[in-house]
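Visitor: Count along the sequence shown from 1, then add 16; that gives the number in the numbering used here.
Okay, here's the structure, questions in a sec.
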Amino acid sequence: MSKKIFIIEDDADIMYGLESQFAAGEFELEVSSGEEEMEELLERMHDFDPDYIILDLILPKLDGFEIVKRLKSDPELADKKIFIFTDLSDEDSRSRSLELGADYIFFKEEFDTFQFAEKVKRIVANQEKSVNDNEEESGNLD
């Protein structure tokens, strides 16, 4: 079963790199450049129903921190795993992202899109393995 990733990134080169990395695998993608209004973005996320969200904190119209806050307060989106991929590499941005509910934070200065995508894929694979192992242990093999 393919996993869905919603990518919110305004840098076209990074967006293209991420799309090519995830489209080559077992992922279904939806993308946003962060140009729309918050309500439109949230509506698109509801319609797509992603398993994972990749989010840049610095966007043209929207505040990435506010997106995390809104996602985590939305009953239908609150359980989605959020991967922050940002240029903001200060400790305050890192702490604030995690406090608001982001699951992982990666700094663009430390990873290129290939390395970042590989890390995300490993995390997703480990989570899937963990879920499958737990289902086997409890006898739920749907």
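Beta carbons: idealized from backbone N, C-alpha and C, even for Gly.
Quick check on K124: does DSSP put it in helix, strand or coil?
Guide: If you number the sequence shown from 1, residue 124 lands on position 108. DSSP places K124 in coil when its eight states are reduced to three.
Visitor: Does the stretch 49-60 come into contact with the stretch 129-144, if we say contact requires no fewer than three beta-carbon pairs (one atom in each stretch) closer than 8 angstroms?
Guide: No: fewer than three Cβ pairs fall under 8 angstroms.
Visitor: Based on the DSSP output, what are the partners of T102 in its beta bridges?
Guide: The residue given as residue 102 occupies position 86 in the sequence shown. Answer by DSSP bridge pairing, in chain order: F123.
Visitor: I think S49 touches M31, with their Cβ atoms under 8 angstroms apart; what is that distance to the nearest whole Å?
Guide: For this step, residue 49 is matched to residue 33 along the sequence shown. For this step, residue 31 is matched to residue 15 along the sequence shown. Their Cβ separation, rounded to whole angstroms, is 7 angstroms, which keeps S49 and M31 in contact under 8 angstroms.
Visitor: In whole angstroms, give me the CA-to-CA distance for A118 and F64.
Guide: As a working note, residue 118 is residue 102 in the sequence shown. As a working note, residue 64 is residue 48 in the sequence shown. The alpha-carbon atoms of A118 and F64 are separated by roughly 19 angstroms.
Visitor: Do you know how far the Cα of D26 is from the Cα of T102?
Guide: The residue you call residue 102 lines up with position 86 of the sequence shown. The residue you call residue 26 lines up with position 10 of the sequence shown. Roughly 11 angstroms separates the two Cα atoms.
Visitor: Tell me the DSSP bridge mates of L75?
Guide: In the sequence shown, counting from the first residue as 1, residue 75 sits at position 59. Note: L75 sits in no beta bridge, so no partner.
Visitor: Using the C-alpha atoms, what's the distance from D108 back to L157?
Guide: In the sequence shown, the residue the question calls residue 157 occupies position 141. In the sequence shown, the residue the question calls residue 108 occupies position 92. At L157 the pLDDT is 47, less than 50, meaning the model places this residue with poor confidence; the figure from the coordinates comes in the next sentence. C-alpha separation (whole angstroms): 43 angstroms.
Visitor: Once you ignore the five residues that flank V47 on each side, which residues in its own chain have a CB closer than 7 angstroms to its CB?
Guide: Within the sequence shown, the letter at position 31 stands for residue 47. Taken in chain order, the residues that qualify are I23, M31 and E35.
Visitor: Going residue by residue through the stretch 22-96, where are the continuous alpha helix (DSSP H) segments of at least 4 residues, counting only ones entirely within it?
Guide: DSSP runs (the alpha helix (DSSP H)) wholly in the stretch 22-96: 28-39, 54-64 and 80-88.
Visitor: Work out the CA separation of E92 and L73 for me, nearest whole Å.
Guide: As a working mapping, residue 73 is identified with position 57 in the sequence shown. As a working mapping, residue 92 is identified with position 76 in the sequence shown. Computed Cα separation, rounded: 21 angstroms.
Visitor: For a test of the three-state rule: what should DSSP assign to L157, helix, strand or coil?
Guide: By one-based count along the sequence shown, residue 157 stands at place 141. Its pLDDT being 47, under 50, L157 is placed unreliably by the model, and the measurement read from it follows with that caveat. Coil.
Visitor: For the alpha helix (DSSP H) that S18 lies in, which residues bound it at each end?
Guide: Taking the sequence shown and counting its residues from 1, one reaches residue 18 at position 2. Note, S18: premise wrong, no alpha helix (DSSP H); not H, not E.
Visitor: For a test of the three-state rule: what should DSSP assign to A118, helix, strand or coil?
Guide: Within the sequence shown, residue 118 is the residue found at index 102, counting from 1. Coil.
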